[in-house]
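> Below you'll find the structure I mean.
Numbering (my numbering), first residue to last: 3 to 576.
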């Protein structure tokens with residue numbers, strides 16, 4: 003007999019749509035007659051394609067498996083949540099009317115890329131000129147920068163559309179990317195939890211969170227990093243299902259061709275090859291673009307690579323492959339490496355095209371003046387790029403200068419020291435200020451209810467993953483771990499709370515997972531389901547109201563000083 007137990011697949015059950023209920027055996031047939039148990043099948047039945055798909059994927063495998071009345075909502079809900087978030091991100095996007103915080107670097111670098119294809123230097127008073135709408139003060143000398151160009155190209159795209167002489171052009175790329183990430187997380191949550199309700203919850207919570215909102219309204223690199231990482235995770239989720247469909251189809255064909263209705267012993271030693279997995283290639287492209295935004299994506303590259311192989315090992319085990327470890331490593335692990343790592347590397351190098359095509363970019367001709375007997379066989383441009391990366395790595399390793407808003411990684415999850423991007427104190431009589439003293443601030447503090455609840459949710463997920471072996475809990479924890487834990491390796495490095503936006507979507511998914519537990523199962527009694535729905539609705543409503551309370555200090559609105567101070571819940575927020 004082959005067990006089809008899928009408990010590891012359904013710890014947080016679908017809400018609107020779920021697999022068909024388990025068939026109950028006829029009265030008096032329990033114990034000796036196993037015909038009534040769907041989790042045990044005869045060998046001849048266990049390897050049919052339909053039986054394998056049921057074990058590997060469950061009853062809901064795509065949006066087409068939802069009831070017809072819900073299919074439209076599968077697409078409408080992500081669009082609606084992205085629309086809500088888009089309004090919050092684009093309204094008054096041009097406020098403040100000057101570069102804030104590290105926009106001083108990245109917006110100007112984006113303009114330089116737009117003009118020259120590589121970063122050039124700026125005169126001392128460049129910010130004044132840029133804020134006045136006159137960015138054309140670039141110098142002819144190259145600028146040494148320590149971050150790859152992808153995020154800056156995405157900033158440049160906004161300036162190409164709306165011009166480099168206004169804040170809308172500076173910030174459009176960030177706002178659009180943040181809005182699209184809401185669409186992505188809603189679709190991902192629907193895929194993970196098979197629930198339209200939980201998809202809407204995830205999208206709405208990320209839409210109204212202040213940390214994500216601030217990062218979407220200012221042109222720093224981290225929002226672009228977060229987007230490509232989330233897109234890579236979504237691609238791997240699609241690949242997980244695609245790989246399991248292929249495994250079910252190929253084992254099913256082998257069993258159909260066999261006289262006894264099941265694959266041969268030899269065929270089950272390692273299972274079949276699954277061919278080129280295009281969603282995995284797409285994940286490699288996204289990860290290459292993520293690394294091309296910030297090098298911290300390398301930890302996600304490693305974590306996601308291991309995650310997708312573990313998923314495949316589990317699939318072969320559930321399908322009944324006897325040598326599922328060795329077979330998975332050889333037939334899934336090696337192809338996964340070839341589909342992701344070389345693709346990501348090729349994409350990453352291609353993001354430096356502007357640097358390669360330039361004549362005087364920083365270190366562009368370093369190899370020409372530094373011949374090497376040992377490495378001379380490497381083309382000069384690649385050797386120059388390698389030297390550039392070595393110098394940038396040394397810079398990051400030695401970055402330990404003091405900053406008033408630096409924050410240890412220990413404090414990120416509780417928002418212990420959020421970063422102040424902008425602060426002004428308009429006086430009475432100035433536009434928007436009708437009292438003695440006013441404040442206009444942009445503080446990258448998250449919604450406390452969302453962040454503190456998500457932190458508690460991580461502990462719950464850890465127990466659920468260890469105790470219930472739910473792959474979804476493990477996947478979410480892997481995303482948080484890849485983005486968070488590596489920072490503890492560099493305790494002396496200068497770091498900031500807003501770095502956490504790279505893994506914030508996974509915190510939202512962790513919180514949504516726990517809200518799914520509160521919501522309950524479809525087969526639960528009506529009173530239980532209704533109570534769970536009320537509690538989840540109350541939590542979401544509380545988060546939305548709290549976001550409305552903090553919205554002025556996320557968007558630079560002019561408010562009375564006392565109102566601003568009332569929103570500084572911790573002394574470390576000031």
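Note that beta-carbon positions come from the ideal geometry of N, C-alpha and C, so glycine has one too.
Given the structure is predicted, the values throughout are model-derived calculations rather than measurements.
(1) Can you tell me which of the three DSSP states residue 508 falls into?
(2) Just to check my reading of the structure: residue 392 and residue 346 have Cβ atoms closer than 8 Å, yes? What is that Cβ distance to the nearest angstrom?
(3) Alpha carbon to alpha carbon, how far is residue 24 from residue 259?
(4) Since residue 443 is in the beta strand (DSSP E), which residue starts that stretch and which ends it?
(5) Mind the definition here: the region 101-119 touches the region 211-225 only if three or more C-beta pairs lie below 8 Å; say whether that holds.
(6) Is the CB-CB distance between residue 270 and residue 335 below 8 Å?
(7) When DSSP labels each residue in this structure, what does residue 365 get in the three-state scheme?
(8) May I have the straight-line CA-CA distance separating residue 355 from residue 285, to the nearest angstrom?
(9) In chain order, what residues of the same chain have a beta carbon less than 6 Å from the beta carbon of residue 425, not counting five sequence neighbours either side?
(10) Would you call the region 496-516 and the region 206-219 in contact, with 3 or more CB pairs under 8 Å?
(11) Check this for me: beta carbons of residue 333 and residue 273, under 8 Å apart or not?
(12) DSSP state of residue 380, grouped into three classes?
(13) Do you know whose CA, among 498, 384, 316, lies nearest residue 403's CA?
(14) Take residue 125 and list the residues in its own chain whose beta-carbon comes closer than 7 Å to its own, dropping the five residues that flank it on each side.
(15) What residues in its chain sit with their C-beta under 6 Å from that of residue 548, if we drop five residues either side in the sequence?
(16) Provide the residue(s) that pair with residue 122 in DSSP beta bridges, ordered along the chain.
(17) If distances are taken between C-alpha atoms only, which option among 169, 127, 195 comes closest to residue 629?
(18) Check whether the region 356-371 touches the region 116-130, taking contact to mean three or more Cβ pairs, one atom from each stretch, closer than 8 Å.
(19) Can you grab the Cα-Cα spacing for the pair residue 5 / residue 503, in whole Å?
(20) Helix, strand or coil: which one does DSSP assign to residue 498?
(21) Please identify the residue among 133, 184, 115 whose C-alpha is closest to the C-alpha of residue 152.
(22) How about residue 147 and residue 96: are their beta carbons less than 8 Å apart?
(23) What are the partner residues of residue 424, as DSSP defines its beta bridges?
(24) Mind reading off the beta-carbon distance from residue 578 to residue 479? Whole number of angstroms is fine, and I expect it under 8 Å.
(25) From residue 12 to residue 172, what does the alpha carbon distance come to, in whole angstroms?
(26) What residues in its chain sit with their C-beta under 7 Å from that of residue 419, if we drop five residues either side in the sequence?
(27) Does DSSP classify residue 429 as helix, strand or coil?
(28) Please determine, among 526, 206, 441, the residue with the shortest C-alpha to C-alpha distance to residue 569.
(29) What does a CB cutoff of less than 8 Å around residue 423 pick up in its chain, not counting 5 residues either side in sequence?
(30) Provide the residue span of the beta strand (DSSP E) that contains residue 190, from first to last.
(31) Run the CB neighbour count on residue 506, radius 10 Å, all protein chains shown included, and call it buried at 16 or more, exposed below.
(32) Assuming residue 109 contacts residue 157 under a Cβ cut-off of 8 Å, what Cβ separation, rounded to an integer in Å, is found between them?
(33) Which value, in whole angstroms, describes the spacing of the CA atoms of residue 276 and residue 308?
(34) Measuring only the C-alpha atoms, how far is residue 195 from residue 181?
(35) Taking 6 Å as the limit between beta carbons, can you name the residues of its chain near residue 200, skipping five residues before and five after?
(36) Distance, Cα to Cα, residue 380 vs residue 136?
With the structure as the only source:
(1) helix
(2) Contact flag wrong, Cβ pair sits at about 20 Å.
(3) The pLDDT assigned to residue 24 is 35, lower than 50, so where the model puts this residue is not dependable; a value taken from the coordinates is nonetheless given after this. The straight-line gap from Cα to Cα measures roughly 29 Å.
(4) Here the beta strand (DSSP E) through residue 443 covers 440-445.
(5) yes
(6) no
(7) coil
(8) 21 Å
(9) 443
(10) yes
(11) Taking 8 Å as the cut-off, the Cβ atoms of residue 333 and residue 273 count as close.
(12) coil
(13) 498
(14) Within the same chain, residue 125 has close Cβ partners 139, 141.
(15) 449, 451
(16) 144
(17) In the structure as shown, the chain starts at 3 and stops at 576, and residue 629 therefore has no counterpart that could be examined.
(18) yes
(19) Model confidence at residue 5 stands at a pLDDT of 41, short of 50, so the residue's coordinates are unreliable; what they give is reported in the following sentence. Residue 5 and residue 503: Cα-Cα distance of roughly 41 Å.
(20) coil
(21) For residue 152, the nearest C-alpha among the options comes from 115.
(22) no
(23) 444
(24) Look at the range of the chain in this structure, 3 to 576, and you will see that residue 578 is not part of it.
(25) Bear in mind that a pLDDT of 38 at residue 12, under 50, signals an unreliable position, so the number given afterwards is only what the model happens to contain. Each residue's alpha carbon lies about 44 Å from the other.
(26) 407, 409, 413, 499, 574
(27) Note: residue 429 maps to strand in three-state DSSP.
(28) 441
(29) 102, 103, 216, 220, 444, 445, 446
(30) Where residue 190 is concerned, there is no enclosing beta strand (DSSP E), although the alpha helix (DSSP H) it sits in stretches over 169-195.
(31) Burial call: buried.
(32) 6 Å
(33) 18 Å
(34) 22 Å
(35) The residues are 191, 514, 518.
(36) One C-alpha to the other measures close to 42 Å.
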